[in-house]
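J.: Residue numbers (our numbering), protein chains in the order written: chain A, -9 to 317; chain B, 2 to 270.
A virtual CB, placed ideally from N, CA and C, is assigned to each residue, including glycine.
Handing you a structure now.
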Amino acid sequence: MIRAQELTKYFKVHRRQPGFANAMKSLVHRKYDTVKAVDGVSFTIERGERVGFLGPNGAGKTTTLKVLSGLLHPTSGSVEVAGHVPFKREPQLLGKITLVMGQKSQLIWDLPPAETYAMNRAVFDVDQADFDKRLGELTELLELGDLVDKPARQLSLGERMKCELAAALLHGPTTLFLDEPTIGLDVAMQVAIRDFVRSYNQRHEATVLLTSHYMDDVVALCPRIIVIDQGKLIHDGDLRALIKTMDPDKRVSFTLVESISDDELAKLGTLLSKEAQRITLKVADREIGTVVGHLLGTLKAADLAIEDPPLEDVLRQMFGRAKAPPP
Amino acid sequence: MRSAFSRTLRAMPTLLRVGVAETVAYRAEFLVWMLTSTMPLIMLALWTSVAAEAPFQDFTSADFVAYYLAVLIVRNLTGNWVAWQIAEEVRMGILSMRLLRPIHPFIAYAVLHISAVPFRSMIALPLCVILLLSSGASALTTEPLQIALLLPSILLAWLITFGIMFALGGTAFWITQNFGIVNFYFGLWSLLSGYLLPLALLPQALRTIAKWLPFHAMLGAPVELMMRHLSSAQVAELIGRQVAWAVASILIGLAVWRAGVRRFEAVGG
Chain A
-9 MIRAQELTKY
1 FKVHRRQPGF
11 ANAMKSLVHR
21 KYDTVKAVDG
31 VSFTIERGER
41 VGFLGPNGAG
51 KTTTLKVLSG
61 LLHPTSGSVE
71 VAGHVPFKRE
81 PQLLGKITLV
91 MGQKSQLIWD
101 LPPAETYAMN
111 RAVFDVDQAD
121 FDKRLGELTE
131 LLELGDLVDK
141 PARQLSLGER
151 MKCELAAALL
161 HGPTTLFLDE
171 PTIGLDVAMQ
181 VAIRDFVRSY
191 NQRHEATVLL
201 TSHYMDDVVA
211 LCPRIIVIDQ
221 GKLIHDGDLR
231 ALIKTMDPDK
241 RVSFTLVESI
251 SDDELAKLGT
261 LLSKEAQRIT
271 LKVADREIGT
281 VVGHLLGTLK
291 AADLAIEDPP
301 LEDVLRQMFG
311 RAKAPPP
Chain B
2 MRSAFSRTLR
12 AMPTLLRVGV
22 AETVAYRAEF
32 LVWMLTSTMP
42 LIMLALWTSV
52 AAEAPFQDFT
62 SADFVAYYLA
72 VLIVRNLTGN
82 WVAWQIAEEV
92 RMGILSMRLL
102 RPIHPFIAYA
112 VLHISAVPFR
122 SMIALPLCVI
132 LLLSSGASAL
142 TTEPLQIALL
152 LPSILLAWLI
162 TFGIMFALGG
172 TAFWITQNFG
182 IVNFYFGLWS
192 LLSGYLLPLA
202 LLPQALRTIA
212 KWLPFHAMLG
222 APVELMMRHL
232 SSAQVAELIG
242 RQVAWAVASI
252 LIGLAVWRAG
262 VRRFEAVGG
C-alpha cells in the first residue's frame, strides 16, 4: 500500500537574469526562489492497483514519484510505501519497489545488460534459481532474445527500454513506479510495454503508479487516475468518472452519402470536424438517443460511432480551469 | 531478509567481476590514465640531476630514484577518481539509480575502484618494481618488520585516500561544480603527501603541518616504510597514524554522504 499525507516538496532555485553584469552580481549576491513542486498532496493506493499520474510538465508528477521511491526527502508531510518510510531506503523496502525512468538508464553503459542483471541479482540477493526463472519469464514477455548480450550503448531506444524494464523487475518488486516508460518509443513498442506492465501487474498483484505523456498508455492501463497541477492534487478517481464530470458530452462520428449543410448539423449537436463525408459532432448525453435515431433513420448515416471525449481534451480543459485567475 | 553485512559479502565476487568488466570496457581512458601518472618520473629526473654531483640534504641520486619509483608504485595502487565520479553522478542525476540498490554507495564505489587497481597498474607496476629492485635496491629497507607491514600500510593508504575522495565527492551535494575544491585538495595533497618531493626536504613549518594532516598517511607513509631504516617506534607511529586516519576518513566520508544525500535533488526526469 502507498500512502501520502499532506506531502510537500519545495526546491530552492537560483534565479539570475541573463548577461555578464548579472552573472557577476550573482557571484556576490544570489537570489533564490522557492518552487513548490509538490504542495500538500494526499492519496492512498491499495496493493494491485494501476494508477495513472497525470499533469502538465512541471506539475510535480516526477517529484512525487521520486519522494515515493525514496530518492527525495519530503519537505513536510508523510509518505509510506509497503509499510516503510521511503527516504530511509531500508533494504527491505528497496527489495519491494522499483523505479523506471524513461530518460535515465540503470544499465551499465559500456557493458551488455546481462552484466547489470548479474549485478542486480547480487546486490538484491536474489536466489540463483529465482533469478533464472524471472529472467526467463522477462525474456519471453519482453522478447529480449540476444539483446542482453549487446553493450547497452549499442541498443536502440526501444531495445534499451525493454532491457531497462527487465533490470528493474529482476528482484521481483511488488510496487512499480514508472516515469514515462514509453517516451520516444514507436507505437508498436508502446503497446508491447503497456501489455507487459498489465500482465506483470496481474501475475504478481503488483501496484503500478505510472506517469506518461501518452494518454493512450494511461487509458489502456489505469482504471484510476490522479491529476496534479502546480503541485496540487486536482482529481483522484475513476478515469471515466473524470471524463463524465469534465465533459459529459459524447462524440458521435458518422459517414453520410448525401451532403448536408452545417446548419442542419448544428441542430443535432456542435460540429467538431467535417472531413470529406466523415463528420464528428459533440452531442449532449441525454440527446444521444434522438440524434442517433435521426442519423440512422432519416439521414441513413453509416459507420456510426459514439465515444467519450479524448482524455487530452478533458485534461486541456481541466488545466485551463485549474489555473488561478490573474490578480 | 538476511543481514545487510552478509548480503554485501555475498554480492562482493559479482561486484568485483562486473567492476573488472567495466574497467576493461573503457580501454582508451585506461591507457591515458596509465600514461598520465608520470609526474613522479619527471620529479625523479629533476632530483637525480640535482643530486648527481653530491647528495642533496642526505638524499643521494639512488635515494631519489628509489623514492620516486616507490611513490609511483604506491600512487598506482591507491589512486582513485571516485570524487569526480560522484560529482558527475550527482550533477547528472545518475546517482538516483545507485540509491535504489540496497547496497551502501561507499561499498559499491569502493569495489568498483578496487577492481580497477590491477588493470591500471598492469604496465606501470611491474616496470617500477623491476627498476626499483635493479637501480634503487641499495636505498630499500631490509627490516623484516617494515617489509611485513608494507602491504597493510598500502591498504590503509588506499582506505584513507578512498574515504577522503568519497567525502570530497560528497561535497557535490552542496556545490554541484565541486572541481575547484577537488583541485585545491590535489594541490595540498601533492605537496604534503610526499608526491612532489620527500617531506624531509620541506621547510620545518610545512613538515609540522603535514604531520597533523592525512596526506602523508596516504602516500608518504608506505613509501618511507619501503625505504628508510626506521626505528620500531617510528614504524609504530607511522602505522598508528594511518590506522587513525583510516577510521577518521571513513567516518568523515560516511558523515558527508549522510548529510549530503538528504539534499540530493535527483535532477532530470
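Checking contacts by CB at 8 Å: is A/Ile183 closer than that to chain B?
T.: Your numbering for residue 183 of chain A matches position 193 in the first sequence. Cβ-Cβ to chain B under 8 Å: no for A/Ile183.
J.: What three-state label does DSSP hand B/Thr24 in the structure shown?
T.: Here residue 24 of chain B refers to the residue found at position 23 of the second sequence. Residue state, collapsed to three classes: helix.
J.: If we call anything under 8 Å between Cβ atoms a contact, is B/Ala109 one with B/Arg99?
T.: Working through the second sequence from its first residue, we reach residue 109 of chain B at position 108. Working through the second sequence from its first residue, we reach residue 99 of chain B at position 98. Taking 8 Å as the Cβ cut-off, B/Ala109 and B/Arg99 qualify as a contacting pair.
J.: Please go through the stretch 34 to 101 of chain B and give each complete alpha helix (DSSP H) segment of 4 or more residues, from N-terminal end onward.
T.: DSSP runs (the alpha helix (DSSP H)) wholly in the stretch 34 to 101 of chain B: 40 to 51, 62 to 79, 83 to 93, 96 to 100.
J.: Does the beta carbon of A/His63 come closer than 8 Å to any beta carbon on chain B?
T.: The residue labelled residue 63 of chain A in the question sits at position 73 within the first sequence. A/His63 counts as touching chain B.
J.: Report yes or no: is there a C-beta of chain A within less than 8 Å of the C-beta of B/Trp258?
T.: Counted from its first residue, the second sequence places residue 258 of chain B at position 257. No, B/Trp258 lies away from the interface with chain A (no Cβ there is under 8 Å from its Cβ).
J.: What beta strand (DSSP E) runs, 3 residues minimum, are completely inside the stretch 161 to 234 of chain A?
T.: Correct list: 165 to 169, 197 to 201, 214 to 219, 222 to 228.
J.: Looking only at its chain, what residues have a beta carbon closer than 6 Å to the beta carbon of A/His325, apart from the 5 residues adjacent to it on each side?
T.: No statement about residue 325 of chain A is possible, as the shown extent of chain A runs from -9 to 317 and does not include it.
J.: Skipping 5 residues on each side, what residues in its chain have a beta carbon closer than 7 Å to that of A/Arg20?
T.: Residue numbering aside, residue 20 of chain A sits at position 30 when the first sequence is read from its first letter. Excluding sequence neighbours, A/Arg20 sits near His4.
J.: For a cutoff of 8 Å on Cβ pairs, would you count B/Ile251 as touching chain A?
T.: As a position in the second sequence, residue 251 of chain B is number 250, starting the count at 1. With 8 Å as the cut-off, B/Ile251 does not count as an interface residue toward chain A.
J.: What are the partner residues of A/Glu297, as DSSP defines its beta bridges?
T.: Within the first sequence, numbered from 1, the residue matching residue 297 of chain A stands at position 307. Per DSSP, A/Arg241.
J.: Quick one: Cα of B/Ala260 to Cα of B/Arg11, how far?
T.: Working through the second sequence from its first residue, we reach residue 260 of chain B at position 259. Working through the second sequence from its first residue, we reach residue 11 of chain B at position 10. Approximately 28 Å, taken between the alpha carbons.
J.: Below 8 Å, can you find three or more Cβ-Cβ pairs linking the stretch 38 to 53 of chain B to the stretch 67 to 75 of chain B?
T.: In short, these stretches touch, since the Cβ pair count reaches three.
J.: Can a CB atom of chain B be found closer than 8 Å to the CB of A/Ala108?
T.: Locating residue 108 of chain A in the first sequence gives position 118, where the first residue counts as 1. Answer yes: the Cβ-Cβ gap between A/Ala108 and chain B drops below 8 Å somewhere.
J.: I'd like to check one pair, B/Ala168 with B/Ile253: are the Cβ atoms closer than 8 Å?
T.: Taking the second sequence and counting its residues from 1, one reaches residue 253 of chain B at position 252. Taking the second sequence and counting its residues from 1, one reaches residue 168 of chain B at position 167. Cβ distance < 8 Å, so B/Ile253 and B/Ala168 count as in contact.
J.: In terms of residues, what are the limits of the alpha helix (DSSP H) holding A/Thr280?
T.: Your numbering for residue 280 of chain A matches position 290 in the first sequence. Where A/Thr280 is concerned, the enclosing alpha helix (DSSP H) stretches over 278 to 287.
J.: Determine, using beta carbons only, whether A/Leu232 and A/Cys153 come nearer to each other than 8 Å.
T.: Walking along the first sequence from the start, residue 232 of chain A turns up at place 242. Walking along the first sequence from the start, residue 153 of chain A turns up at place 163. Against a cut-off of 8 Å, the Cβ pair of A/Cys153 and A/Leu232 comes out as no contact.
J.: Three-state secondary structure (DSSP) at A/Arg268?
T.: As a first step, residue 268 of chain A is located in the first sequence; it is residue number 278 there, counting from the start. Of the three classes helix, strand and coil, the one that applies to A/Arg268 here is strand, per DSSP.
J.: Quick one: which chain B residues come within Cβ less than 8 Å of A/Gln96?
T.: The residue labelled residue 96 of chain A in the question sits at position 106 within the first sequence. Under the 8 Å cutoff, chain B gives Met98, Leu101.
J.: At a cut of 8 Å, does the stretch 6 to 23 of chain B reach the stretch 260 to 279 of chain A through at least three beta carbon pairs?
T.: Result no; under three Cβ-Cβ pairs closer than 8 Å.
J.: Could you say which of A/Thr201, A/Thr164, A/Lys222, A/Thr129 lies nearest to A/Arg214 if we only look at CA atoms?
T.: Position 224 of the first sequence, counted from the start, is the residue given in the question as residue 214 of chain A. Considering only alpha carbons, the answer is A/Thr201.
J.: Excluding sequence positions up to five away, which residues of its chain have a Cβ less than 8 Å from the Cβ of A/Ala156?
T.: On the first sequence, position 166 is the one that residue 156 of chain A refers to. Within the same chain, A/Ala156 has close Cβ partners Pro103, Tyr107, Leu125, Leu128, Thr129, Leu132, Leu134, Val138.
J.: So, does the stretch 235 to 255 of chain A touch the stretch 285 to 297 of chain A, judging by three or more C-beta pairs under 8 Å?
T.: As far as the Cβ criterion goes, the stretch 235 to 255 of chain A touches the stretch 285 to 297 of chain A, which means the pair count is three or higher.
J.: I need the DSSP call for B/Tyr196, collapsed to helix, strand or coil.
T.: For the purposes of this step, residue 196 of chain B is identified with residue 195 of the second sequence, where counting begins at 1. Coil, per DSSP.
J.: For B/Arg242, which three-state DSSP category applies?
T.: As a first step, residue 242 of chain B must be located in the second sequence, where it is residue number 241. It is helical.
J.: Chain A partners of B/Thr15, CB-CB under 9 Å?
T.: One-based indexing of the second sequence puts residue 15 of chain B at position 14. Neighbours of B/Thr15 on chain A, chain order: Ala108, Met109, Arg111, Ala112, Val113.
J.: For A/Lys257, which residues does DSSP report across the bridge?
T.: One-based indexing of the first sequence puts residue 257 of chain A at position 267. Paired residue(s): none; A/Lys257 is not in a bridge.
J.: Please report whether the beta-carbon of B/Gly137 lies at a distance below 8 Å from any beta-carbon of chain A.
T.: Along the second sequence, read from residue 1 onward, the residue named residue 137 of chain B stands at position 136. So, not an interface residue.
J.: For the alpha helix (DSSP H) containing B/Ile155, name the first residue and the last one.
T.: Numbered from 1 along the second sequence, position 154 holds the residue referred to as residue 155 of chain B. Looking at the DSSP string, the run of the alpha helix (DSSP H) that includes B/Ile155 is 145 to 171.
J.: So what does A/His74 bridge to, in DSSP terms?
T.: One-based indexing of the first sequence puts residue 74 of chain A at position 84. According to DSSP, A/His74 bridges with A/Val71.
J.: Let me know the secondary structure DSSP gives A/Ser263 once reduced to three states.
T.: On the first sequence, residue 263 of chain A is found 273 positions in, with the first residue counted as 1. A/Ser263: strand per DSSP, three-state reduction.
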